[in-house]
Amino acid sequence: MSALLRQIPANIPQDIRKIRIENSHLTELPRGSFENVSALEYLWLNFNNITVMHIKSLEYLPALKELRLQGNKLSSVPWTAFQDTPTLKILDLKHNRLDVLPEHALRYLPNLTYLDLSSNQLTIISRDVFYNWPVYQRSQRTEGPLEAISNAVLALHDNPWICDCRLRGFVQFIKSVGPPIILMNSYLTCSGPKFRTGKFFHEVELNSCTKPLTSALDTNLTVPAGLNITLTCFVQASPSPAVWWTYALKLLRAFNVSTEPVTEDTVRSELLIPAARPADAGNYTCTAANFLGNTSVAINLRPGAHVEVRIAKQTVYGITLEWFAAAAAAAEPGETWYTLLVGRYDAAQKDTIYIGPGVNTYSVTDLLPATKYEVCVAVRNQAPRKGQCVVFVTGSDVSQM
Numbered sequence: 001m002s003a004l005l006r007q008i009p010a011n012i013p014q015d016i017r018k019i020r021i022e023n024s025h026l027t028e029l030p031r032g033s034f035e036n037v038s039a040l041e042y043l044w045l046n047f048n049n050i051t052v053m054h055i056k057s058l059e060y061l062p063a064l065k066e067l068r069l070q071g072n073k074l075s076s077v078p079w080t081a082f083q084d085t086p087t088l089k090i091l092d093l094k095h096n097r098l099d100v101l102p103e104h105a106l107r108y109l110p111n112l113t114y115l116d117l118s119s120n121q122l123t124i125i126s127r128d129v130f131y132n133w134p135v136y137q138r139s140q141r142t143e144g145p146l147e148a149i150s151n152a153v154l155a156l157h158d159n160p161w162i163c164d165c166r167l168r169g170f171v172q173f174i175k176s177v178g179p180p181i182i183l184m185n186s187y188l189t190c191s192g193p194k195f196r197t198g199k200f201f202h203e204v205e206l207n208s209c210t211k212p213l214t215s216a217l218d219t220n221l222t223v224p225a226g227l228n229i230t231l232t233c234f235v236q237a238s239p240s241p242a243v244w245w246t247y248a249l250k251l252l253r254a255f256n257v258s259t260e261p262v263t264e265d266t267v268r269s270e271l272l273i274p275a276a277r278p279a280d281a282g283n284y285t286c287t288a289a290n291f292l293g294n295t296s297v298a299i300n301l302r303p304g305a306h307v308e309v310r311i312a313k314q315t316v317y318g319i320t321l322e323w324f325a326a327a328a329a330a331a332e333p334g335e336t337w338y339t340l341l342v343g344r345y346d347a348a349q350k351d352t353i354y355i356g357p358g359v360n361t362y363s364v365t366d367l368l369p370a371t372k373y374e375v376c377v378a379v380r381n382q383a384p385r386k387g388q389c390v391v392f393v394t395g396s397d398v399s400q401m
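Put into structure tokens, the structure is as follows:
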């Protein structure tokens, strides 16, 4: 028929048995499209622009044997529409945009000998789609000769299958299927996840789906202020979960988060806190979720006091230090004790001096001239780190942090 058609003609002869409208401009199959051609047996509507198919579009077609809708733009099909076509034997839906196949999609197609769903957008389907298919159910009956059952050709290749736990049952079905159901192409391939891309179904073993399980190596961290801190959580789940971090800070800061797979069913998520400071103290919660549920783990972070040290005065025989401490959120600056370590630069042991709260200066005297010394200031019970020590030489103007 004419390539200029935009709808099914209303003046089709009632006794016509075959309609072929291809490379035309049809965009939908409305209700009762073929109500005057009940003798129709072959309907070819390939390479149009059909996007919508009404649930009653096939009404009045009890004799239809062949329906070809290749190369259209259908993203879904009203599968119950096939109640009106009980004798349908060939259904060609390849090169459409189907992305979902309901579990009872094939229930009303008991006499199919050819079903083509290749080159669509199917990613995840249940094996129950085929377990509920009357053609398959008949093939599983033990009574009666198997030869009496007609073969059914099934085409499912060239779909972007996501080979995770949700496809497990379908992969098992494909591996076990045999006559009278015949796969047009038995080498179905995975398009994802990334580590399975390109693998054939017969090469993969898929696990059952599991709810996420989150964990952390350390859920209580006390760290020196000023350091870059990475908080890490591990998630075991199938299929791969969505992972995110939540935290409540008085001063809002944006942190970088990275998530990457470690094994088939485990991912690692890391949150980087640059130059941790007392205001960053608190709980950081890592949450993971998939369709089975969600779980979380909280990591409590306590940045220690950060001490900044400088030389206030230096003489031939001594030195005066001043320091400023940004205390951890859990401690008041006026309640913080400090430890001074004083000694020669190369000495294995240094003298320890304890300084009470509220004091931020101290003088060291009676030192040997022209000698290299090191003085460190740290919050009590913490080891001094870079930036909290001063190295100097008595009797000279040379000093360094």
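Residue numbers for the sequence shown follow the UniProt record's numbering, beginning at 1 and rising by one.
All C-beta atoms, glycine included, are put in the ideal place defined by N, C-alpha and C.
Just so it is clear, the structure is predicted and the values come from calculations on it, not from any experiment.
Original post:
When burial is assigned at 16 or more other CB atoms within 10 Å of the CB, is Y187 buried or exposed?
Top reply: Taking the sequence shown and counting its residues from 1, the one referred to as residue 187 is at position 187. Exposed, because fewer than 16 other Cβ atoms sit within 10 Å of the Cβ of Y187.
Subject >> Among D15, Q14, I21, the one whose alpha carbon lies nearest that of I8 >> reply: As a working note, residue 8 is residue 8 in the sequence shown. Closest by alpha carbon: I21.
Subject >> V262 burial status per 10 Å Cβ neighbour count (16 or more: buried) >> reply: The residue labelled residue 262 in the question sits at position 262 within the sequence shown. With fewer than 16 Cβ atoms within 10 Å of its Cβ, V262 is classed as exposed.
**OP:** Could you tell me whether the Cβ atoms of R268 and F234 are closer together than 9 angstroms?
**Re:** For the purposes of this step, residue 268 is identified with residue 268 of the sequence shown, where counting begins at 1. For the purposes of this step, residue 234 is identified with residue 234 of the sequence shown, where counting begins at 1. Yes.
Subject >> Residue interval of the beta strand (DSSP E) (run including G293) >> reply: One-based indexing of the sequence shown puts residue 293 at position 293. For G293, the enclosing beta strand (DSSP E) begins and ends at 293-303.
Original post:
Per DSSP, which one or two residues make a beta bridge with residue 418?
Top reply: Since the first residue shown for the chain is 1 and the last is 401, residue 418 is missing from the structure and cannot be characterised.
**OP:** Just tell me which of M53, C286, L61, V379 has its CA closest to the CA of P40.
**Re:** For this step, residue 40 is matched to residue 40 along the sequence shown. Contrary to the premise, residue 40 reads as Leu rather than Pro in this sequence. Here the closest residue by C-alpha is L61.
Original post:
Grouping DSSP H, G and I as helix and E and B as strand, with all else coil, what is F201?
Top reply: Translated into positions along the sequence shown, residue 201 becomes position 201. Reduced to three states, the DSSP call for F201 is helix.
Original post:
For A242, which option in R302, L69, N294 has the closest C-alpha, if you only look at C-alpha atoms?
Top reply: If you number the sequence shown from 1, residue 242 lands on position 242. Nearest option by C-alpha distance: N294.
**OP:** Would you grab the beta carbon distance between L122 and L93 for me? Rounded to a whole angstrom, and I think it's under 8 angstroms.
**Re:** Start at 1 with the first residue of the sequence shown, and residue 122 comes out as number 122. Start at 1 with the first residue of the sequence shown, and residue 93 comes out as number 93. Actually they are not in contact, since the Cβ atoms of L122 and L93 sit about 11 angstroms apart, beyond 8 angstroms.
**OP:** State the CB to CB distance for the pair A111 and T87, rounded to an integer number of angstroms; the pair is presumed to be in contact (CB under 8 angstroms).
**Re:** The residue given as residue 111 occupies position 111 in the sequence shown. The residue given as residue 87 occupies position 87 in the sequence shown. It is Asn, not Ala, that sits at residue 111 in the sequence shown. Indeed, because the Cβ distance is near 6 angstroms, the residues count as touching under 8 angstroms.
Subject >> Minimum length 4: unbroken alpha helix (DSSP H) runs contained in the UniProt domain "Ig-like" (212-302) >> reply: Whole alpha helix (DSSP H) segments, 4+ residues: zero.
**OP:** Apply the 10 Å Cβ neighbour rule to R17 and answer buried if 16 or more other Cβ atoms are within range, or exposed otherwise.
**Re:** Residue mapping note: residue 17 aligns to position 17 of the sequence shown, counting from 1. So R17 ends up on the exposed side.
**OP:** Consult DSSP for Q314 and reduce its assignment to one of helix, strand or coil.
**Re:** As a position in the sequence shown, residue 314 is number 314, starting the count at 1. It is a strand residue.
**OP:** Answer yes or no: do R31 and N46 have a C-beta to C-beta separation smaller than 9 angstroms?
**Re:** Taking the sequence shown and counting its residues from 1, one reaches residue 31 at position 31. Taking the sequence shown and counting its residues from 1, one reaches residue 46 at position 46. Result no, Cβ atoms of R31 and N46 do not sit closer than 9 angstroms.
**OP:** Could you tell me whether the region 208-217 touches the region 171-190, using the rule of 3 or more Cβ pairs below 8 angstroms?
**Re:** Contact fails: fewer than three Cβ-Cβ distances are below 8 angstroms.
Original post:
Is it true that the region 48-59 meets the region 99-108, where meeting means three or more beta-carbon pairs spaced less than 8 angstroms apart?
Top reply: By the Cβ rule, the region 48-59 does not count as touching the region 99-108, because fewer than three pairs are nearer than 8 angstroms.
**OP:** Just tell me which of D15, L231, C209, L321 has its CA closest to the CA of T219.
**Re:** Here residue 219 refers to the residue found at position 219 when the sequence shown is read from its first residue. The residue among D15, L231, C209, L321 with its C-alpha nearest the C-alpha of T219 is L231.
Subject >> the region 198-209 / the region 126-143 touching (three or more Cβ pairs under 8 angstroms) >> reply: Segment contact: the region 198-209 against the region 126-143, fewer than three CB-CB distances shorter than 8 angstroms; contact not assigned.
Original post:
Do you know how far the Cα of N300 is from the Cα of K347?
Top reply: To locate residue 347, count along the sequence shown from 1; it is residue 347. To locate residue 300, count along the sequence shown from 1; it is residue 300. It is worth fixing the name first, because residue 347 is Ala in this sequence and not Lys. Taking the straight line joining both Cα atoms gives about 37 angstroms.
**OP:** Decide yes or no for the touch test of the region 309-322 against the region 352-368: beta carbon pairs closer than 8 angstroms, at least 3 of them.
**Re:** Taking a cut-off of 8 angstroms for Cβ pairs, the region 309-322 and the region 352-368 touch, as three or more such pairs fall below it.
**OP:** Could you check the C-alpha separation between R302 and S191 for me, to the nearest Å?
**Re:** Here residue 302 refers to the residue found at position 302 when the sequence shown is read from its first residue. Here residue 191 refers to the residue found at position 191 when the sequence shown is read from its first residue. If you take the alpha carbons of R302 and S191, they lie about 44 angstroms apart.
**OP:** Using three-state DSSP, classify C165 as helix, strand or coil.
**Re:** Within the sequence shown, numbered from 1, the residue matching residue 165 stands at position 165. C165: helix per DSSP, three-state reduction.
Original post:
So F130 is in the alpha helix (DSSP H); what residue range does that whole segment cover?
Top reply: Here residue 130 refers to the residue found at position 130 of the sequence shown. Its alpha helix (DSSP H) spans residues 128-131.
Original post:
In three-state DSSP terms, what is P13?
Top reply: Taking the sequence shown and counting its residues from 1, the one referred to as residue 13 is at position 13. Note: P13 maps to coil in three-state DSSP.
Original post:
Under a three-way DSSP split, which group does R20 fall into?
Top reply: Counting from 1 along the sequence shown, the entry for residue 20 is found at position 20. R20 falls in the strand class under three-state DSSP.
**OP:** Would you decide whether V390 is buried or exposed? Buried here means 16 or more other CB atoms lie within 10 Å of its CB.
**Re:** For this step, residue 390 is matched to residue 390 along the sequence shown. Buried, since its Cβ has 16 or more Cβ neighbours within 10 Å.
Original post:
Nearest to S119 by CA position, among P160, S139, V100, is which residue?
Top reply: What you label residue 119 is simply residue 119 of the sequence shown in a count that begins at 1. Per the Cα distances, P160.
Original post:
Pick from E308, G198, L109, L64: whose alpha carbon is nearest that of D158?
Top reply: Within the sequence shown, residue 158 is the residue found at index 158, counting from 1. The shortest Cα separation from D158 among E308, G198, L109, L64 belongs to G198.
Subject >> Per DSSP, the bridge partner or partners of I353 >> reply: Here residue 353 corresponds to residue number 353 of the sequence shown, with the count starting at 1. Assignment of beta-bridge partners to I353 by DSSP yields L340.
**OP:** Could you tell me how far apart the beta carbons of I174 and I229 are, in whole angstroms, since I believe they sit closer than 8 angstroms?
**Re:** Taking the sequence shown and counting its residues from 1, the one referred to as residue 174 is at position 174. Taking the sequence shown and counting its residues from 1, the one referred to as residue 229 is at position 229. Contact between I174 and I229 does not hold, since their C-beta atoms are separated by about 48 angstroms, which reaches or exceeds 8 angstroms.
Original post:
Whole-angstrom Cβ separation of T80 and Y108, contact assumed at under 8 angstroms?
Top reply: Mapped onto the sequence shown, residue 80 falls at position 80. Mapped onto the sequence shown, residue 108 falls at position 108. 6 angstroms between Cβ atoms; contact.
Subject >> Delimiting residues of the beta strand (DSSP E) encompassing V135 >> reply: For this step, residue 135 is matched to residue 135 along the sequence shown. No beta strand (DSSP E) holds V135; the alpha helix (DSSP H) holding it covers 134-139.
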